[in-house]
Every structure is written in structure tokens, then in C-alpha cells.
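*Asks:* So that we are looking at the same thing, I have put the structure below in C-alpha cells.
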Amino acid sequence: MNSKKKSFFEGVYEVVKKIPYGKVTTYGLIANYLGAFKSARMVGYALNSSHKYLDIPAHRVVNRNGLLTGRHHFSGSLLMQELLENEGAIVIENKIENFHDMLWDPSSKIK
DNA sequence: ATTCTGACGTGGG
DNA sequence: CCCCACGCCAGAA
680 MNSKKKSFFE
690 GVYEVVKKIP
700 YGKVTTYGLI
710 ANYLGAFKSA
720 RMVGYALNSS
730 HKYLDIPAHR
740 VVNRNGLLTG
750 RHHFSGSLLM
760 QELLENEGAI
770 VIENKIENFH
780 DMLWDPSSKI
790 K
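Count along the first sequence starting at 1, add 679, and that's the number in this note's numbering.
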């Protein structure tokens, strides 16, 4: 069957929407899951366009250091941190302290 | 078509 | 962990 060719952006949205509550993932893992390990930058770029979409928990996507790199793109710089802390994350200085604890790999959903 | 950008990652120090 | 330099590549102008 012919799968509709989804844009890189659409692929990113699908994965991000599947991030479970209280979990976070990285741009690199999403890119890797989409088969474009080298296009991690594009993931963030795609999330930037996700503003006009609904149900895109972009706040659960951080960089490899657990740093809230995209907090500036939210409505208010603190919104992203508030959401993460609400889900059990410990954010200090824009960085998730228990990052490893709540990290979720999109490949895990395949199991 | 070309050029620039960017919510990143890796490797080395 | 931090800092620096380079690579990556899909979309926008």
C-alpha cells in the first residue's frame, strides 16, 4: 500500500504527540526515530511550526543535555518550565535535573 | 534554481 | 559537566 509521504514536520508532530505524560525526549531521539539522525536540528525547526497545531506537547522535547532550549518560543519563557515541573520534572536553571529519570525513547513505543 | 537559517549532535580539549 | 568548531538537511525567502 502506498503510504502518503509525510513531510518531516508531520513525522515530528506524530512522535511528539505520542510522548507520554511525565516523560520527555530529545530532538536527536525523534530524528533518529524518523530515520534522520543527522537532522536533529530540523526537529526543532518543525516544532517551531507546531505552534499553530494543537496537542503538540513541545515542552516535553528538550536537547540532549536536558536543557530547555526552546523555552523562548513559548508564550512566556517560564511556561515550558512550569509544564515540565507540573509533570514531575525538576527544572533548575532551564535544565532538567532528573532528566535521565523521565527520558522517553520514541523507539520504546514499538517495544 | 540559490542562499540562509536553525527549539541539535558529536568529537576533542 | 562546559566550551569550541564543524556537519547536517528540510523548509522558507
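Backbone N, C-alpha and C fix where the C-beta goes; we use that ideal spot for every residue, glycine too.
For the region 719-785, which segments carrying the alpha helix (DSSP H) assignment without a break, of at least 4 residues, lie completely within its bounds, in sequence order?
*Replies:* With a minimum length of 4 residues, the continuous alpha helix (DSSP H) runs that stay inside the region 719-785 are 719-728, 758-765 and 778-781.
*Asks:* Using DSSP's beta-bridge definition, name the partner residues of Val703.
*Replies:* Val703 is bridged to Leu782.
*Asks:* List the whole-angstrom C-beta distance separating Ala768 from Val694, where the pair is believed to meet the contact cut-off of C-beta under 8 Å.
*Replies:* Going by Cβ atoms, the distance from Ala768 to Val694 rounds to 19 Å, so no, they are not a contact pair.
*Asks:* Taking the C-alpha atoms as reference points, what is the distance between Glu764 and Gly701?
*Replies:* Straight-line Cα distance between these residues: approximately 9 Å.
*Asks:* Measuring alpha carbon to alpha carbon, tell me which of Arg743, Leu746 and Phe753 ends up nearest His730.
*Replies:* Considering only alpha carbons, the answer is Phe753.
*Asks:* To the nearest angstrom, report how far apart Val691 and Asp780 are at their CA atoms.
*Replies:* Spanning the two alpha carbons is a distance of roughly 23 Å.
*Asks:* Could you tell me the boundaries of the alpha helix (DSSP H) in which Lys788 lies?
*Replies:* It is not in any alpha helix (DSSP H) - Lys788 carries neither H nor E in the DSSP assignment.
*Asks:* Does the distance from the CB of Ile775 to the CB of Val741 come in under 8 Å?
*Replies:* The answer is yes: Cβ separation under 8 Å.
*Asks:* Kindly indicate which residue of Ser686, Ile698 and Lys685 has the alpha-carbon position closest to the one of Leu782.
*Replies:* Checked all of Ser686, Ile698 and Lys685; the closest Cα to Leu782 is Ile698.
*Asks:* On the CB-based measure, 16 or more other CB atoms within 10 Å of its CB, does Gly714 come out buried or exposed?
*Replies:* Flag for Gly714 reads exposed.
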